[in-house]
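Just remember that the numbering used here sits 98 ahead of the position in the sequence shown, which is counted from 1.
Note that the Cβ used here is the ideal one computed from N, Cα and C, for glycine as well.
Every value quoted in this text rests on a predicted model; they were computed, and no experiment measured them.
What follows is a single structure, written as structure tokens, with notes after it.
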Amino acid sequence: MSVWDNDKLIEIRERRTEAETEWNPILEEARKDRMCVAGKPWHAMDPKGQKAREDAGRPFLALDELGQFINQTVNDVRANPRGIRFAPTGHGANDKGAEFYQAHTREIEYRSHARIADSTAFEQAVTSSVGWLRIRTKREHPRTFNQDIWIEPIMNADQVLPSPGFVWPDARDIKYLFYLEPWSERDFVREFPKAEI
99 MSVWDNDKLI
109 EIRERRTEAE
119 TEWNPILEEA
129 RKDRMCVAGK
139 PWHAMDPKGQ
149 KAREDAGRPF
159 LALDELGQFI
169 NQTVNDVRAN
179 PRGIRFAPTG
189 HGANDKGAEF
199 YQAHTREIEY
209 RSHARIADST
219 AFEQAVTSSV
229 GWLRIRTKRE
239 HPRTFNQDIW
249 IEPIMNADQV
259 LPSPGFVWPD
269 ARDIKYLFYL
279 EPWSERDFVR
289 EFPKAEI
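Written out as structure tokens, the structure reads:
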């Protein structure tokens, strides 16, 4: 491994530690929120008391107090989908150019089923205060280098670990971001045969 690679690896590890230090308490609270929404408030808010009640054979109630409000909010977004909008402003832009970009973006949203990504991110933000989607490129065909833009849902918000300290709600000013993907050792070796585990 070269000195540059080693320095880069050290920087990556430092950044991951920094991001985990900042985000782990937030993600832990998000996990508790999801457990409450899933009908396990005792497991989330009082795990020791819940265990004691189970051991003593005492019943405990878990009433669905949030479901109707979450469904009302999320279903409103599903019924009235959002989309990217273009407005002709500055540098010689006109309505015809904005319409062209709007049509192209609508085609990208349609092809990649962006409504699913939007509603999934919104539902996660409502239920646990953190929701993500990702915009990436894919090869349009295995025999070509042409790239297509895709908008994809991130089903598990815990897979995203952004840099701390960003200000914008859409995280446009982040300095770095880790997207954590679980891999089995067999799949990892098949995909990256020269990498060290």
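How is lysine 236 classed by DSSP in three states: helix, strand or coil? Correct three-state label for lysine 236: strand.
Measure the C-alpha to C-alpha separation of proline 291 and aspartate 216 and round it to an integer number of angstroms. Their Cα atoms are separated by approximately 35 Å.
Assuming alanine 142 and lysine 130 make a contact with CB atoms under 8 Å, what is their CB distance in whole Å? Taking a contact as a CB-CB distance under 8 Å, the pair alanine 142 and lysine 130 counts as one, their CB atoms being some 4 Å apart.
Do you know offhand how far tryptophan 266's Cα is from leucine 164's? CA-CA distance, tryptophan 266 to leucine 164, rounds to 28 Å.
With a cut-off of 8 Å, do at least 3 Cβ pairs link the segment 187-207 to the segment 144-162? By the Cβ criterion, the segment 187-207 is not in contact with the segment 144-162, since fewer than three pairs of Cβ atoms, one from each stretch, lie closer than 8 Å.
With a CB to CB cut of under 6 Å and the five nearest residues on each side skipped, what residues in its chain are close to glutamate 120? Taking C-beta separations shorter than 6 Å and ignoring five residues to either side along the sequence, the partners of glutamate 120 in its chain run Pro262, following chain order.
Relative to the C-alpha of phenylalanine 276, which residue among Asp103, Val101 and Ile110 is closest? Across the set Asp103, Val101 and Ile110, the C-alpha of Ile110 shows the shortest separation from the C-alpha of phenylalanine 276.
Have a look at the DSSP bridge pairing and note the partners of glutamate 250. Beta-bridge pairing links glutamate 250 to Arg232.
Could you tell me the boundaries of the alpha helix (DSSP H) in which phenylalanine 290 lies? Run containing phenylalanine 290: none; DSSP gives neither H nor E here.
Helix, strand or coil at valine 258 according to DSSP, with G and I counted as helix: Valine 258 carries a strand assignment under DSSP once its states are collapsed to helix, strand and coil.
Reducing DSSP to helix, strand and coil, say where phenylalanine 276 ends up. Taken through DSSP and simplified to helix, strand or coil, phenylalanine 276 comes out as strand.
Assuming alanine 201 and tryptophan 230 are in contact, meaning their beta carbons sit under 8 Å apart, how far apart are those beta carbons, in whole angstroms? Actually they do not touch by this definition, with Cβ atoms about 27 Å apart.
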